[in-house]
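Peer 1:
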Amino acid sequence: MWKVPSYEKSYSQPSIELVVLDKEGSRIYCFIQSIHYRLFESIIDEGKVFIVANFTMDSNTQNYKSTKHSMWIIFKRDTLVSSADDMDILIESFDFVATYWYAL
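When we follow the numbering used here, the leftmost residue of the sequence shown carries the number -18, and every step to the right adds one.
1. Only counting the same chain, and skipping five residues up and downstream in sequence, which positions put a Cβ closer than 7 Å to that of R19?
2. Starting from F36, trace the beta strand (DSSP E) both ways and give me its first and last residue.
3. Compare the Cα-Cα distances from D59 to each of T48, V33, Q43, H50 and report the closest residue.
4. Suppose you measure from the CA of S51 to the CA of I25; what does that come to, to the nearest Å?
5. Report the rounded CA-to-CA distance for Y(-12) versus E(-2), giving the unit in angstroms.
6. Under three-state DSSP, which class holds S63?
7. In chain order, what residues of the same chain have a beta carbon less than 8 Å from the beta carbon of S(-4), not counting five sequence neighbours either side?
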């Protein structure tokens, strides 16, 4: 989870970006717009388990992606977030990507 400052207006709230993990181990990128920052900043906490409902899903066409998932989740004003008991979510889940280095 990370906060991205608003560069449009200095007094504006940051947006929140996070990668969430479901009980099957799938990861997806989520975005909370700066206009909704105050609605979710005290609720969303790293390392906790939540149930999220009433959000928007869209194709992830960003140039730089934080997950391999083809979709992303966008929180709306009326997105519902509630705490859940630990539901056997594997916290330590990694995707290893091959990286090639070339010497010139």
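Don't be surprised by glycine CBs; every beta carbon is placed ideally from N, CA and C. In this text the structure is predicted, and so the values were computed from the model without any measurement.
Peer 2: Reading off the structure:
1. Q(-6)
2. Note, F36: premise wrong, no beta strand (DSSP E); not H, not E.
3. V33
4. 23 Å
5. 15 Å
6. Under the three-state reduction of DSSP, S63 is assigned to strand.
7. K(-16), V(-15), S(-13), F12, I13, Q14, S15, Y18
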